[in-house]
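In what follows, a structure is listed as structure tokens, so that the remarks can point back to it.
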Amino acid sequence: MCRGLTKLSRCRLYIRPRMFAMNNLDIPFLSAMELGHLIRTREISPIEATQAYLDRIEEIDGKLNSYITVCRSAALNTAEKVEEDVRSGNFKGPLQGVPYAVKDQFWTKGVLTTGGAKILDDFVPKENATVVQRLSDVGAILLGKLNMSEFATGNSVYHHWGTPRNPWDLERNPGTSSSGSGAATAAFLCATSLGEDTGGSIRNPANNSGLVGLLPTYGLVSRYGMLSATWSNDMPGPISRSVTDCAVTLKAIAGHDPKDRYSATRFVPDYLAGLNGDINGIR
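The numbering used here puts the first residue of the sequence shown at 50, with every later residue one more than the last.
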């Protein structure tokens, strides 16, 4: 029997059949790429999309503890600005208007950033981490900051902000240390998310919740503005519900950053274009 948050007899917690006539309740069940397309074609507004996610967070996250901070007002304000860009034809990329969330390990300008630790419960950065800024630059909308084990140490029980729960079984942990990223993405509380991986902290939550998580090659993604667990190994990366969404998120955050001394200068390919390539001869 499913121990989740629905009355369905099967443990398909938040998965709904696609409706022909879509309403706001259905928006969170779209992929990030689908939602971005519908926003660009003006079938869904960024404000509608953001409000749909905020409503779902309010309805469900009290049982999941995936968010530490929800940026309701800021997200809606950003959505209004993105809608103006869409109306004027100012296209910024496939994630324009798409709501996302980040592990509370990344600086967010004007927004509490705790690293999962009580000692940082008053730390409000004055600038964004590079990965957050890059998502902002392509028009993605920050919903909030996601729960994590204290300073990304990988503990499965959190004393400060509540222990996140696995959306598929509330008696289980979603995996650490990017627990909130895994739980929120699996529960359709954001379209895509960012985590950080030192020794499995993206891959473990992705595995535990049926998601796609990627540890990027060292130096591909900037670490500037990220609270460090182990500076020589930490890497930011995406956690998404599909390979396509993971690829488009990685494309948005990858690339050289002079603020990170270990940032690589290598060319960032079009990851989407490579998804349908021939795999013959790879080995």
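We treat Cβ as the ideally placed atom computed from N, Cα and C, and that holds for glycine.
In DSSP terms, what residue i is bridged to
i: Tyr149; result: Leu191, Thr241
i: Val173; result: None; Val173 has no bridge partner.
i: Asp218; result: Asn215
i: Met284; result: Asp246
i: Ala303; result: Val270
i: Val317; result: Answer is none; Val317 lacks a bridge partner.
i: Tyr116; result: Leu195
i: Thr157; result: Val160
i: Met275; result: Phe155
i: Gly262; result: Ile288
For residue j and residue i, the rounded distance between their alpha carbons
i: Phe316; j: Ser185; result: 21 Å
i: Thr90; j: Leu74; result: 20 Å
i: Thr55; j: Leu161; result: Residue placement at Thr55 is flagged as unreliable, the pLDDT there being 39, under the threshold of 50; the coordinate-derived value follows with that caveat. Cα-Cα distance, rounded: 32 Å.
i: Ala236; j: Glu97; result: 19 Å
i: Leu243; j: Leu87; result: 23 Å
i: Ser250; j: Gln154; result: 12 Å
i: Tyr116; j: Thr157; result: 14 Å
i: Gln100; j: Asn72; result: 12 Å
i: Ser277; j: Lys112; result: 29 Å
i: Asn325; j: Thr293; result: 10 Å
i: Ser94; j: Thr179; result: 27 Å
i: Trp210; j: Leu103; result: 19 Å
i: Ala70; j: Arg105; result: Only weak support exists for where Ala70 lies, its pLDDT of 49 falling under 50; the value from the coordinates is given anyway. Those two C-alpha atoms are separated by around 19 Å.
i: Ala128; j: Asp134; result: 10 Å
i: Arg290; j: Glu83; result: 12 Å
i: Tyr311; j: Thr279; result: 14 Å
i: Gly304; j: Tyr267; result: 11 Å
i: Leu79; j: Lys308; result: 35 Å
i: Asp306; j: Cys120; result: 26 Å
i: Asn177; j: Glu92; result: 31 Å
Beta-carbon spacing of residue i, residue j below 8 Å
i: Pro254; j: Leu192; result: no
i: Lys194; j: Thr118; result: yes
i: Met197; j: Gly165; result: yes
i: Asn257; j: Asn215; result: yes
i: Leu321; j: Pro265; result: no
i: Ala313; j: Ala81; result: no
i: Pro213; j: Ser228; result: yes
i: Leu238; j: Ile109; result: yes
i: Leu263; j: Gly248; result: no
i: Ile302; j: Thr234; result: no
i: Val297; j: Pro143; result: yes
i: Ala201; j: Glu132; result: no
i: Val173; j: Val151; result: no
i: Gly85; j: Gly146; result: yes
Per-residue burial, residue i [other beta carbons within 10 Å of its own, 16 or more giving buried]
i: Ile190; result: buried
i: Ile328; result: exposed
i: Tyr273; result: buried
i: Val187; result: buried
i: Asp283; result: buried
i: Asp319; result: exposed
i: Lys130; result: exposed
i: Arg332; result: exposed
i: Thr163; result: buried
i: Gly330; result: exposed
i: Ser271; result: buried
i: Glu199; result: buried
i: Gly48; result: For residue 48 there is no data in the structure shown, the boundaries of the chain being 50 and 332.
i: Arg252; result: buried
i: Trp217; result: buried
i: Arg183; result: buried
Using 8 Å as the cut-off, can you tell me whether the region 125-138 makes contact with the region 212-222, which would need three or more C-beta pairs spanning the two stretches below that distance? No, the region 125-138 is not in contact with the region 212-222.
Tell me whether the region 169-181 and the region 117-127 touch, counting them as touching only if at least three CB pairs, one residue from each stretch, are closer than 8 Å. no
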